[in-house]
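Just below is one structure, and these are the notes that go with it.
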Amino acid sequence: MIFTLTGGTIYDGSGGPGRLGNVVVEGDRIAAVGDVVPQGERFDVAGLAVSPGFIDTHSHCDLVCMSDRQLSPKLRQGITTDLLGQDGLSEAPIKREDVDRWRTHLSGLNDDPQLDWSWRSYGDYFERVGGAALNMAGMVGHGTVRLHVMGMDDRAPTEAELAAMQALVDASLSQGACGFSTGLIYSPCVYSDTQELIEIGKVVRRHDSFMVYHMRYEGGRVLEGMDEVFRIARESGAACHISHFKARGKHAWGLSTQMSAAVEQARADGLDITADQYPYAAGSTMLAALLPPWCHARGIDGLNAYLRDPDLESQIRREIEQGRSDWESSIANSSWGSIMISGVKSEANRWAVGKRIPEIAAQWGLDEYQTMVRLLLDENHAVSMILFMMQEDDVRHLLVQPWLMHCTDALMGGEPHPRTYGTYPKILGHYVRDEKLMPLPEAIRKMTSLPAWRLGVVDRGEIRAGAFADITVFNPDTVIDRSTYQVPRQFPTGIEHVFVNGVHAVRDGRETGNLAGRALRREAGAPGTCR
20 MIFTLTGGTI YDGSGGPGRL GNVVVEGDRI AAVGDVVPQG ERFDVAGLAV SPGFIDTHSH
80 CDLVCMSDRQ LSPKLRQGIT TDLLGQDGLS EAPIKREDVD RWRTHLSGLN DDPQLDWSWR
140 SYGDYFERVG GAALNMAGMV GHGTVRLHVM GMDDRAPTEA ELAAMQALVD ASLSQGACGF
200 STGLIYSPCV YSDTQELIEI GKVVRRHDSF MVYHMRYEGG RVLEGMDEVF RIARESGAAC
260 HISHFKARGK HAWGLSTQMS AAVEQARADG LDITADQYPY AAGSTMLAAL LPPWCHARGI
320 DGLNAYLRDP DLESQIRREI EQGRSDWESS IANSSWGSIM ISGVKSEANR WAVGKRIPEI
380 AAQWGLDEYQ TMVRLLLDEN HAVSMILFMM QEDDVRHLLV QPWLMHCTDA LMGGEPHPRT
440 YGTYPKILGH YVRDEKLMPL PEAIRKMTSL PAWRLGVVDR GEIRAGAFAD ITVFNPDTVI
500 DRSTYQVPRQ FPTGIEHVFV NGVHAVRDGR ETGNLAGRAL RREAGAPGTC R
């Protein structure tokens with residue numbers, strides 16, 4: 020099939036200025052760009068911006084991409100590629116005996132659709148993720164390989180266990196994973212020390228791959244968290260990418276200038292450091308992340324026993340509300356009132372979605388800690404939350420950094436954070452057009468070619484002859500997000516067309532139902548290449 024987008028302003032993803040012209044697509048590739056003769060079916064896109072499809076560097080669609088292949092919230096904001104396996108919590112490799120506890124452990128983050136979980140290796144899993152409406156790239160998770168080798172144990176690995184984890188990472192990268200991730204606030208990743216990650220990083224370096232970090236500290240100790248990332252990069256030689264870069268909580272407010280300066284210095288020193296960010300002053304994750312790390316070390320059954328044990332209540336409560344020297348508590352960084360419930364599994368507690376913890380506590384006649392415990396036990400931990408913890412000035416400062424990409428970090432269940440529906444249109448409409456915080460070509464670069472380079476994704480993230488035809492066409496005068504914290508499930512306006520591998524996925528603002536996405540695998544024997 021041949022078609023042509025005619026008369027649009029083409030932004031090629033390089034950061035250079037837009038230019039009027041045509042884009043000819045033949046099959047799954049772009050055939051010609053610029054002042055070229057139209058061929059085949061013509062789509063008049065005069066007055067619209069023609070951009071490479073957006074690449075979301077932080078996605079939690081690991082399971083949903085198999086249960087709801089349309090992925091409308093992503094597609095309708097112009098995303099054509101998702102990066103799975105975030106925060107060290109990938110869905111593979113996994114042993115049969117670990118499936119039940121792992122899917123429960125992750126249910127507040129990645130949802131828990133009714134899938135058979137028949138995969139075991141990373142390669143097996145990745146055979147399942149193709150055929151969605153958008154492309155999927157993925158990473159192998161630190162917590163997943165730790166679970167495979169050590170269970171949920173809160174200790175350092177033996178030499179043999181470390182070697183086994185390295186072997187699993189090596190195998191997963193050989194089977195198509197494009198990177199490695201860790202989440203140093205999530206169990207069991209949180210039980211690791213820096214040296215463990217350095218040794219795993221040496222395997223990642225041999226594959227010319229990259230390591231993605233949810234840092235150990237993002238609050239008042241965020242610069243310490245960054246120092247750990249820089250040390251791992253320096254001693255392992257692996258490229259490092261910081262997830263959802265932010266100054267989280269009142270003790271970190273105003274630190275964004277020091278954070279960006281630290282990245283600039285590390286890059287000047289020769290380290291390969293990048294980051295991503297969602298454009299909101301609130302985050303979102305599973306409610307169980309409020310608990311101290313040691314609570315998770317015996318798995319779900321052990322955690323439930325701890326939560327029901329009256330002799331432990333005062334200790335858990337104190338650590339949540341005051342923090343610990345080796346763990347940053349979200350509540351100590353902010354307050355119970357900063358937490359809003361965004362998703363539950365049961366109908367009985369559906370009324371609590373959209374309400375803050377103190378509101379729910381008042382309804383139940385409990386205090387805030389007891390309310391958290393009841394929600395976790397009632398829902399078997401399948402509870403997600405939104406945390407209002409950042410300052411807009413810090414968000415704006417980090418947003419424009421040239422080494423920082425844009426991402427959604429979208430949770431798909433319940434009444435999600437508005438980023439699930441609105442991230443890219445918010446940047447294009449609010450920050451670029453209305454606030455003039457950065458030029459449109461630069462914003463597009465940070466959504467397209469920059470993440471494609473970081474992921475090693477070949478022939479995507481650009482509008483040029485020979486590139487895959489992942490294309491987003493939007494109206495720069497009208498594009499804007501409509502999703503709010505109160506009513507999140509609202510699609511943006513101004514995203515007119517989306518093409519995935521040359522197939523029309525969104526036409527005139529409406530989904531076509533076509534499922535042309537592919538699983539993008541790192542190529543064995545081709546370091547740094549994912550296609």
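Sequential numbering of the sequence shown, starting at 20, is according to the working numbering.
Quick reminder that beta carbons are idealized off the backbone N, C-alpha and C, glycines included.
Query: Going by beta-carbon coordinates alone, are residue 534 and residue 152 separated by less than 8 Å?; Result: yes
Query: Quick one: what's got a C-beta closer than 6 Å to residue 239's C-beta in the same chain, skipping five residues either side?; Result: 270, 271
Query: Cβ of residue 549 within 8 Å of Cβ of residue 456?; Result: no
Query: Looking at residue 292 and residue 251, is the spacing between their C-beta atoms short of 8 Å?; Result: no
Query: According to DSSP, is residue 430 part of a helix, a strand, or is it coil?; Result: coil
Query: Unbroken alpha helix (DSSP H) runs of length 4 or more, entirely within the region 197-274: which are they?; Result: 213-225, 241-255
Query: In whole angstroms, what separates the C-alpha of residue 503 from that of residue 425?; Result: 19 Å
Query: Apply the 10 Å Cβ neighbour rule to residue 3 and answer buried if 16 or more other Cβ atoms are within range, or exposed otherwise.; Result: Since the displayed the chain opens at 20 and closes at 550, residue 3 lies outside it and no answer follows.
Query: The beta strand (DSSP E) spanning residue 24 covers which residue range?; Result: 21-29
Query: Give me the Cα-Cα distance between residue 430 and residue 81, rounded to the nearest whole angstrom.; Result: 10 Å
Query: Between the region 32-43 and the region 503-520, do three or more beta carbon pairs fall short of 8 Å?; Result: no
Query: Can you list, in chain order, the stretches of the alpha helix (DSSP H) that have 4 or more residues and sit fully within the region 145-176?; Result: 161-169
Query: Please report the straight-line C-alpha distance between residue 450 and residue 404, rounded to a whole angstrom.; Result: 26 Å
Query: Please specify which runs of the beta strand (DSSP E), each continuous and at least 3 residues long, are wholly inside the region 370-448, giving them in chain order.; Result: 403-407, 423-425
Query: Is there contact between the region 434-441 and the region 323-339, where contact requires at least three CB pairs shorter than 8 Å?; Result: no
Query: Assuming the contact rule is C-beta atoms closer than 8 Å, residue 409 and residue 265 should be a hit. Round their C-beta distance to whole Å, please.; Result: 5 Å
Query: For residue 296, write down the residues that DSSP places opposite it in a beta bridge.; Result: 425
Query: Just the C-alpha distance for residue 494 and residue 452, rounded to the nearest angstrom, thanks.; Result: 11 Å
Query: Can you tell me whether residue 347 is buried or exposed, with buried defined as 16 or more other CB within 10 angstroms of its CB?; Result: buried
Query: Less than 8 Å between the beta carbons of residue 441 and residue 96, yes or no?; Result: yes
Query: Would you say the region 324-334 touches the region 356-369, given that touching needs at least three Cβ pairs under 8 Å?; Result: no
Query: Which residues bound the beta strand (DSSP E) around residue 40?; Result: 38-45
Query: Quick one: any contact between the region 120-131 and the region 173-188, if contact means 3 or more CB pairs under 8 Å?; Result: no
Query: Short check: CB of residue 168 to CB of residue 184, under 8 Å?; Result: yes
Query: So the alpha helix (DSSP H) residue 470 belongs to, where does it begin and stop?; Result: 468-474
Query: Determine, using beta carbons only, whether residue 406 and residue 376 come nearer to each other than 8 Å.; Result: no
Query: Starting from residue 519, trace the alpha helix (DSSP H) in both directions and tell me its first and last residue.; Result: That residue, residue 519, is in no alpha helix (DSSP H); its beta strand (DSSP E) goes 514-519.
Query: Please identify the residue among 24, 115, 212 whose C-alpha is closest to the C-alpha of residue 50.; Result: 24
Query: Tell me which same chain residues have a C-beta within less than 8 Å of the C-beta of residue 485, skipping the five on either side of it?; Result: 48, 49, 478
Query: What did DSSP end up calling residue 329 once you bin it into helix, strand or coil?; Result: helix
Query: Please work out which residues of its chain come closer than 7 Å, Cβ to Cβ, to residue 483, disregarding the five sequence neighbours upstream and downstream, and give them in chain order.; Result: 31, 49, 52
Query: So what does residue 359 bridge to, in DSSP terms?; Result: 375, 405
Query: So for residue 549, helix, strand or coil by DSSP?; Result: strand
Query: Identify which residue in 545, 547, 522, 526 has its Cα closest to the Cα of residue 150.; Result: 522
Query: For residue 261 and residue 147, I'd like the C-alpha separation in whole angstroms.; Result: 27 Å
Query: What did DSSP end up calling residue 136 once you bin it into helix, strand or coil?; Result: coil
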